[in-house]
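Heads up: the sequence lines are chains A and B, in that order.
Position 422 of the first sequence, counting from 1, maps to 422 under the numbering used here, and the rest follow consecutively.
If you count the second sequence from 1, you need to add 1000 to reach the numbering used here.
Notes to accompany the following structure.
Number of protein chains: 2
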Amino acid sequence: MDKKPSLQVPTGDTSFVPPAPAHRPSFEDEAVDGWGFRDTKFVVQPNGSVVLTGTRYNISNVELPSLMPWFSKKLAAPLGYENRNEPHYPPPVPEALEAPALVAALRAFLQEDQLSDEPTVRLRRGHGHTGAEIWAIRYERLGRVPDLVVFPHSHDEVVRLTEVARAHGACLIPFGGGTNVTEALRLSVHERRFVIAVDMRRMNRVLWVDPVNRTASIEAGATGRHIVTELARYGLTLGHEPDSLEFSTLGGWIATNASGMKKNRYGNIEDLVLDMRVVTAHGVVERPGVGPRESIGVNPRNFMFGSEGNYGIVTSAVVKLFPVPEVQRYGSVLFPDLGAGLAFLYELQRSGAVPASVRVMDSTQFQFGQALKPVTTGAAAQAKSALEKFFVTRVKGFDPDKLAVATLVFEGTRAEVDFQESTLYRIAERHGGMKAGGTNGERGYQLTFGIAYIRDLTFSHWAIAESFETSVPWSRALELYERVRDRIHREHAQRGLPGKPFFTGRLTQVYPSGIAMYFYLGFYAKGVADPVAEYAALEHAAREEILASGGTLSHHHGVGKIRQDFLGEVYSEGALALTREVKKAVDPDNLFGANNHGVKGQVELEAPDAPRTNTRRTGT
Amino acid sequence: MDKKPSLQVPTGDTSFVPPAPAHRPSFEDEAVDGWGFRDTKFVVQPNGSVVLTGTRYNISNVELPSLMPWFSKKLAAPLGYENRNEPHYPPPVPEALEAPALVAALRAFLQEDQLSDEPTVRLRRGHGHTGAEIWAIRYERLGRVPDLVVFPHSHDEVVRLTEVARAHGACLIPFGGGTNVTEALRLSVHERRFVIAVDMRRMNRVLWVDPVNRTASIEAGATGRHIVTELARYGLTLGHEPDSLEFSTLGGWIATNASGMKKNRYGNIEDLVLDMRVVTAHGVVERPGVGPRESIGVNPRNFMFGSEGNYGIVTSAVVKLFPVPEVQRYGSVLFPDLGAGLAFLYELQRSGAVPASVRVMDSTQFQFGQALKPVTTGAAAQAKSALEKFFVTRVKGFDPDKLAVATLVFEGTRAEVDFQESTLYRIAERHGGMKAGGTNGERGYQLTFGIAYIRDLTFSHWAIAESFETSVPWSRALELYERVRDRIHREHAQRGLPGKPFFTGRLTQVYPSGIAMYFYLGFYAKGVADPVAEYAALEHAAREEILASGGTLSHHHGVGKIRQDFLGEVYSEGALALTREVKKAVDPDNLFGANNHGVKGQVELEAPDAPRTNTRRTGT
């Protein structure tokens, strides 16, 4: 008989309240002029090497000689130390409207440091992280930003804030990590009301943890990095790891209907959130308790996923937890081409052995990863040949312009991970896969977080770039990839843009009925009259190809305002009418006036006489 | 290298339209006066043995000598051949209202056989399968039933029907399998409008199947048994197996927010339904396509789960499919007591090896299963000793009044099932479990379908009985079980009911944060003035204990009208206000007037001067 002691079920109320933190969280370490942490930034050295400053990431603080040469080759453009597009943050910030009576009413229950009308504080709450927004704050301006930023400390303060805002005819915009890539936070230039951004990040307490029943109630402003740290104290994890994990918040994940990279093991956000507390125009939507799964009529919880600030403010949520896995292992597999990688995923999906994360990158993304390696033996000038040498010596038989690479994260009990590994590698072998090791796998997975800083680097060297994503049935996936790639090249040429477009894709999630696909798109924009409009036209063309290939409007980024003009293509008139009526019912005065996903019609983000409109559909 | 050929991904549009069936489905083989198929019924023989007529189930057409003696012992009441409570179905059926102009408008596009105002046809669409409803149609009457039953053949007919109903101020009630146990179909006696029941079951086509992307679009009136048969032709399954599988429909599962017994592998209904087409008061809610997973704003799909007929009529849904599993194996394990069974589930849940179905029954339910065995060696009189002999000889060391038994269904690839089996039995052993074989496991799982007929048997012999369920966090599960059991015994005694109450429970589902629990409750009711009211009082008391023990209002049965008076205990005022406003927005005229889950306030199912009210809260 197995001598491992049996696990018993403790009884009664097994939840407890963790000790309160000594002080409110500070976000001073976060950058306001670009992605991520203030201390972390890609900088090009005079020798052409790139260094990611700080020490936070696996590629931090080492010389990366190959990156700029590789980018230059890919973009057919002279990216380098001298050729700089110096940002001039902060831009001019629109004046705040004044509402003295409202502000006085807020001061009745908020401390001095809970309100701010500082221009850069307001600016930061007026945008997310689309390329257009970051370009705007670095090189142009935003047409409208919030008039006041409020930092509530508790649910009750949000309730009172909402009452005051309603009484004074103001508009409330919840703000979490500010990492959305949908222009969800961007304000209409026609918004005449006093706009209050509600920065939720001081509400980051774990209200209670129940380690036996593996649930916790967590305030909605808690960032992913905070949640990971707090839960780890108790040997627990939420398991939700979007790319933005460090900065995005629980409330933001709900509003965006987010997906985490380890969703195979832990589920997407709608699978993880059992219940939530929401301040709405009809009062507080909450429940005294919540069960593992329920059938209790139409549950307002269901309305909040993807609501993008339109319905109210989530102040806390009850989430499922998981034990920190007994075993975590990384892995990677090289495939001859993307088609083989896709077929591998297809077979893996029906095996019952899908690991926590499995992603397949195309050859460009593989090379991108190689270009991010410090080459210890040579200088920048040798980078290209060093890269070639790598392919020749290490990856025999694979064409570096065709291969694909899978990065793998296994989590679970030892037996579970053993089963998944042996099953997965057997399937990989059938598809011509060659094991490329755990070190490469770990590096590939962790690179996700460092790569997020690259966009800001390219901006500073005249390349505009952005990511976008979709989900698609298995049988249309390769077609979609190829159509998007070809359309981008065609559009890029037809529009007479400089150099060559940068395009790469990866297969990031598996589902029974298909996959999620993630793209990076960029081009060299020096001399281009309106880089943002040109980028938007390219992405718009790409989205047309996506929809024509059976892809979806978004897998996890959401709609916001950036994709609102496609809603008529993915919903029937009846569906749009119904959601409009529901928004009216939930929020009759449009108090929560983020105006996302088109419920109030098209949103003008720039004045009609400004050089471009919100959708920037300057293309076909 | 593994020589199994690799699985490739076919490309393009891989869906096809299955051939249309030769004729519309008939439901003549279904009983109208009780559960299930017309040919299947438990009948007590003069010798006291019970026979389940027909040949459909694993206990059909054999003498079951132990059942009635065992029931008699358990209930401390003389259940037997002579002591009968003969049903007198059909009861008087309320006259139909007349609406000649409306009916003429319907006849403009419907065939003669698509409309019926036959009393028993209307009666059947006016109730589900609560004990109260079945008791009413057998021994009493219903106060209000639909005035007309319409059988649409297509989505377009539902659209036209909805337009006509709205134009004439009628009320529409969708009807699927009629198997709900929430009084969801029961009409208020105060409903003055002309009520049309929309029987969806002729809409049972599989509209398309995509075997590559494992999706299908299926009309909402398709029953589970039809879906299983149709999909099996293509080696596919939906995997959704509620107890009511044979009779309930896809549309009903969505409206009820249903759960299937194999949800560990396939998911609950909200996990399985990717999209749906719904006829609402705002027009048709539908989408031109659907992806594996999407973030596309507030998706009206989310409103429909648990909507219980309040929001519109689902006409078809796109569902996920799975390959028919390579391997299916059954198993069973005996545990010393229910606590050990619970601890086994708790440990299993975190192993990554949870099989498609795992359920743990208490000792009474185990004995119930034994009492349903044909005893080939003896007559009815010997049943008791035969049963005792079984325990002595076969289940050494287990106390038959304390033990618990797990029935297991494994499905998947061979490797997956091997991994699950070995992991599970190792965990079971740690909790004192003893393997009891695949035959017992299969019998236990399949018995679910046969047992559903027992309630009608007990009614006919003066015992009123019903099931109810909940979900509960792990740490409160045993407490809940014991409190419900004890409260029922206490209430039964205090109310002076005859004999002893019948009570049994099983742990039916596992989730990270807890389990689902399913109960049977009954008592001998001969001489009781109002058995239905007494039963309702007992179940109401049980629900109070459930809520007080951290249990939920329902895991999968839903709310309907039977649990509406508890809604204030599980939702905040703000949540109830919000759902009321949303219902008004979605359906301003209450065209879909099923009036479930309290959105229009309490619903009177019987006239105030009738012997009892809808809630029958005659107890404390």
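Even glycine gets a Cβ: it sits at the ideal position worked out from N, Cα and C.
No experiment lies behind these values; they were computed from the predicted model shown.
Per DSSP, cross-strand counterpart(s) of residue i
i: residue 1163 of chain B; result: Its beta-bridge partners do not exist; DSSP assigns none.
i: residue 1323 of chain B; result: B/1236
i: residue 148 of chain A; result: A/196
i: residue 1332 of chain B; result: B/1407
i: residue 210 of chain A; result: A/215
i: residue 1361 of chain B; result: B/1405, B/1506
i: residue 172 of chain A; result: A/196
i: residue 1178 of chain B; result: Beta-bridge pairing links residue 1178 of chain B to no other residue.
i: residue 1016 of chain B; result: B/1209
i: residue 1249 of chain B; result: B/1223
i: residue 1601 of chain B; result: B/1599
i: residue 42 of chain A; result: A/52
i: residue 273 of chain A; result: A/319
i: residue 1037 of chain B; result: B/1030
Under 7 Å between C-beta atoms of residue i and residue j
i: residue 331 of chain A; j: residue 360 of chain A; result: no
i: residue 440 of chain A; j: residue 354 of chain A; result: no
i: residue 239 of chain A; j: residue 262 of chain A; result: yes
i: residue 1212 of chain B; j: residue 1010 of chain B; result: yes
i: residue 1246 of chain B; j: residue 1225 of chain B; result: yes
i: residue 1278 of chain B; j: residue 1162 of chain B; result: no
i: residue 334 of chain A; j: residue 403 of chain A; result: yes
i: residue 292 of chain A; j: residue 411 of chain A; result: no
i: residue 452 of chain A; j: residue 35 of chain A; result: yes
i: residue 364 of chain A; j: residue 470 of chain A; result: no
i: residue 260 of chain A; j: residue 230 of chain A; result: no
i: residue 594 of chain A; j: residue 310 of chain A; result: yes
i: residue 1026 of chain B; j: residue 554 of chain A; result: no
i: residue 1170 of chain B; j: residue 1102 of chain B; result: yes
i: residue 1275 of chain B; j: residue 1318 of chain B; result: yes
i: residue 1316 of chain B; j: residue 1219 of chain B; result: yes
i: residue 990 of chain B; j: residue 1216 of chain B; result: Limits of chain B in this structure are 1001 at one end and 1620 at the other, which puts residue 990 of chain B out of reach.
Anticipated Cβ contact below 8 Å, residue i with residue j, distance rounded
i: residue 994 of chain B; j: residue 314 of chain A; result: Outside the shown range of chain B, which is 1001 to 1620, sits residue 994 of chain B, and nothing can be said about it.
i: residue 1557 of chain B; j: residue 1182 of chain B; result: 6 Å
i: residue 1303 of chain B; j: residue 1214 of chain B; result: Contact doesn't hold; Cβ gap of about 25 Å is too wide.
i: residue 1187 of chain B; j: residue 1195 of chain B; result: 6 Å
i: residue 153 of chain A; j: residue 202 of chain A; result: 5 Å
i: residue 1298 of chain B; j: residue 496 of chain A; result: That belief does not hold up - the Cβ atoms of residue 1298 of chain B and residue 496 of chain A are roughly 40 Å apart, past 8 Å.
i: residue 409 of chain A; j: residue 356 of chain A; result: 5 Å
i: residue 1079 of chain B; j: residue 1068 of chain B; result: 5 Å
i: residue 18 of chain A; j: residue 209 of chain A; result: 6 Å
Write down every uninterrupted run of the alpha helix (DSSP H) in the segment 46 to 119 of chain A whose length is 4 residues or greater and which is fully enclosed by it, in chain order.
67 to 75, 100 to 107
List in chain order: all unbroken alpha helix (DSSP H) runs of 4+ residues lying wholly within the segment 458 to 541 of chain A.
477 to 494
Does the segment 1571 to 1579 of chain B come close enough to the segment 284 to 294 of chain A to have 3 or more Cβ pairs within less than 8 Å?
yes
Which runs of the alpha helix (DSSP H) at least 4 residues long sit entirely within the segment 275 to 330 of chain A? Give them in chain order.
301 to 304
With three or more beta-carbon pairs closer than 8 Å as the criterion, would you say the segment 466 to 476 of chain A touches the segment 50 to 62 of chain A?
no
Using a Cβ distance threshold of 8 Å, determine whether the segment 1462 to 1469 of chain B contacts the segment 1125 to 1135 of chain B, with at least three qualifying pairs required.
yes
Would you call the segment 1095 to 1105 of chain B and the segment 1541 to 1548 of chain B in contact, with 3 or more CB pairs under 8 Å?
no
Considering only residues of the segment 401 to 445 of chain A, which uninterrupted beta strand (DSSP E) runs meet the minimum length of 3 residues and lie entirely inside it, listed in chain order?
404 to 412
Does the segment 525 to 539 of chain A come within contact of the segment 433 to 453 of chain A, defined as at least 3 CB pairs closer than 8 Å?
no
For the structure I just gave you, are there three or more beta carbon pairs, one from the segment 1600 to 1608 of chain B and one from the segment 594 to 610 of chain A, closer than 8 Å?
no
At least three beta-carbon pairs within less than 8 Å, the segment 1077 to 1096 of chain B to the segment 1140 to 1150 of chain B:
yes
Spell out a yes or no on whether the segment 1172 to 1179 of chain B and the segment 1250 to 1261 of chain B are touching, meaning 3 or more CB-CB pairs, one atom from each, closer than 8 Å.
yes
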